[in-house]
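Written below as structure tokens is the structure these notes are about.
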Amino acid sequence: IGVEIRDHVKMFHHWFFTLDPDEKVIQRNMLLALNLADQSAKKSYDNLKEQGYFTNLISANISQEIAVDSVELNLDVYPYYFKCFATQRLVRSTSTVVRRLVTQGYLRNVSRSDNNPHGFLIQRWQTLENSDVVNP
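Residue numbers for the sequence shown follow the working numbering, so the first one is 1 and each next one is one higher.
Rendered as structure tokens:
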């Protein structure tokens, strides 16, 4: 079960944080991410949208990518707890910003579907850290 949970967490973060300066790509990736999580992720998406984050990516031609470094799990509690450690890269035409990202949340079992093949739902998702590491 740990392997599936880790992959679910990785896929959610991949879809939520892998963005190109294209509105259709952003919408598609967010839809895929939000199928794997509850309202806590939707709230984060809505906040970013309201703050103009996605409009900024498009207007500045910024691509954003993420690599999940590790996922800590506690399978002794239910819903299952996770903490995700990742590296984010924001690629601009003139520079690349590297950020350290740490998030946490819980997962509960739901029915498997084409939109959610692992059958987990991330809930109470929150960002603990999102700080610059390198700015060449």
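Virtual Cβ for every residue (Gly too), placed ideally from N, Cα, C.
Keep in mind that this is a model prediction, so the values were computed, not measured.
May I have the straight-line CA-CA distance separating residue i from residue j, to the nearest angstrom?
i: F17; j: I1; result: 24 angstroms
i: V102; j: L75; result: 19 angstroms
i: L90; j: V25; result: 16 angstroms
i: Y45; j: M30; result: 8 angstroms
i: Y81; j: I122; result: 9 angstroms
i: N61; j: D22; result: 9 angstroms
i: H8; j: R92; result: 29 angstroms
i: F12; j: A37; result: 8 angstroms
i: R112; j: N35; result: 11 angstroms
Tell me whether residue i sits in a helix, a strand or coil according to DSSP, three-state version.
i: R89; result: strand
i: S44; result: helix
Would the beta-carbon of residue i fall within 8 angstroms of that of residue j?
i: V71; j: R124; result: no
i: Q104; j: Q126; result: yes
i: Q64; j: L73; result: no
i: N133; j: G119; result: For the record, residue 133 in the displayed sequence is Val; it is not Asn. Not a contact, by the Cβ cut-off of 8 angstroms.
Quick check on the DSSP output: the alpha helix (DSSP H) that includes residue i runs from which residue to which?
i: Q137; result: A question about residue 137 goes unanswered here, because the residues of the chain that appear run from 1 up to 136.
Go to residue i, then tell me how far its beta strand (DSSP E) extends in each direction, as first and last residue.
i: S63; result: S63 to N74
i: V97; result: T96 to N109
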